[in-house]
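One point on numbering: in the working numbering, the residue at position 126 of the sequence shown is 1009, and numbering is uninterrupted. Accompanying notes for the structure given below.
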Amino acid sequence: MHPNQWGSLPGLSTYDGCLTLTNDVKTLQRPCLKVCSLFLDIKAGFDNVDNNTLARILREGGIPPDLVSRVSSFLGERSCTLILQGAPGTPAPVNVGAPQGSPISPLLFLLYVAPLYFGIPRGLMISYVDDFALTVASLSYRGNICWLQDLFDRLERKASPFQSRKQN
884 MHPNQWGSLP GLSTYDGCLT LTNDVKTLQR PCLKVCSLFL DIKAGFDNVD NNTLARILRE
944 GGIPPDLVSR VSSFLGERSC TLILQGAPGT PAPVNVGAPQ GSPISPLLFL LYVAPLYFGI
1004 PRGLMISYVD DFALTVASLS YRGNICWLQD LFDRLERKAS PFQSRKQN
């Protein structure tokens, strides 16, 4: 996991993330720089975890093959039955998503989004589960706005392979 991810693990609470952001903003302001943040939310993050993408991330991260197989089984061998007007329908396979309410799902999601991180000179990128904050500092607010737009575009490009795999 990236060290700037907060939430879902002991010692990485909302409070800790807020303290980190507050401290870094104050540090960036000391040389009389203007600081701006852009806050983002990954829409339906848990619902869109792609099993194959997560398995690749885990393998590339050095996770043992048997553990990758167990995670893939956990995410891939599920079904959903809708009940309409009291009558259950036919079970349908669920091929995407991490089940909310499972204690392992938040950790799997943090591992899933870890490749989205990149360094920001005179800035910071942090997240709390599916909420991201991009923070930058420069001599002007206008410059920060342009910079944040560029960073958002870069983040969107890094995330696009996640979306294209999900839609296939």
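Virtual Cβ for every residue (Gly too), placed ideally from N, Cα, C.
Would DSSP call residue i helix, strand or coil?
{"i": "T1018", "result": "strand"}
{"i": "S920", "result": "strand"}
{"i": "K1041", "result": "helix"}
Run the CB neighbour count on residue i, radius 10 Å, all protein chains shown included, and call it buried at 16 or more, exposed below.
{"i": "C1029", "result": "exposed"}
{"i": "C919", "result": "buried"}
{"i": "S922", "result": "Here residue 922 is Phe; the residue named in the question, Ser, does not match the sequence. Exposed, because fewer than 16 other Cβ atoms sit within 10 Å of the Cβ of F922."}
{"i": "G980", "result": "buried"}
In chain order, what residues of the same chain lie with their CB nearer than 7 angstroms to the CB of residue i, ignoring the 5 residues before and after it?
{"i": "M884", "result": "L993, L994, A997"}
{"i": "S955", "result": "N934, A938"}
In the DSSP output, which residue or residues are listed as bridge partners for residue i?
{"i": "Q968", "result": "Paired residue(s): none; Q968 is not in a bridge."}
{"i": "Q888", "result": "S1010"}
{"i": "S962", "result": "P976"}
{"i": "D933", "result": "V979"}
Can you name, in chain order, every residue of its own chain whose Cβ lies under 8 angstroms from the Cβ of residue i, other than the five neighbours on each side?
{"i": "S1021", "result": "L916, K917, R1005, N1027, W1030"}
{"i": "G959", "result": "N934, N978"}
{"i": "K1041", "result": "P998, L999, F1001"}
{"i": "G928", "result": "F992, V996, V1012, D1013"}
Can you check whether the C-beta of residue i is within less than 9 angstroms of a C-beta belonging to chain D?
{"i": "W889", "result": "As a matter of chain content, chain D is missing from the structure shown, which is built from one protein chain."}
Go to residue i, then tell me how far its alpha helix (DSSP H) extends in each direction, as first and last residue.
{"i": "I1003", "result": "Run containing I1003: none; DSSP gives neither H nor E here."}
{"i": "D907", "result": "897 to 912"}
{"i": "S988", "result": "988 to 996"}
Beta-carbon within less than 6 angstroms of residue i's beta-carbon, same chain only, minus the 5 sequence neighbours each way: which residues are those?
{"i": "C963", "result": "A975, V977"}
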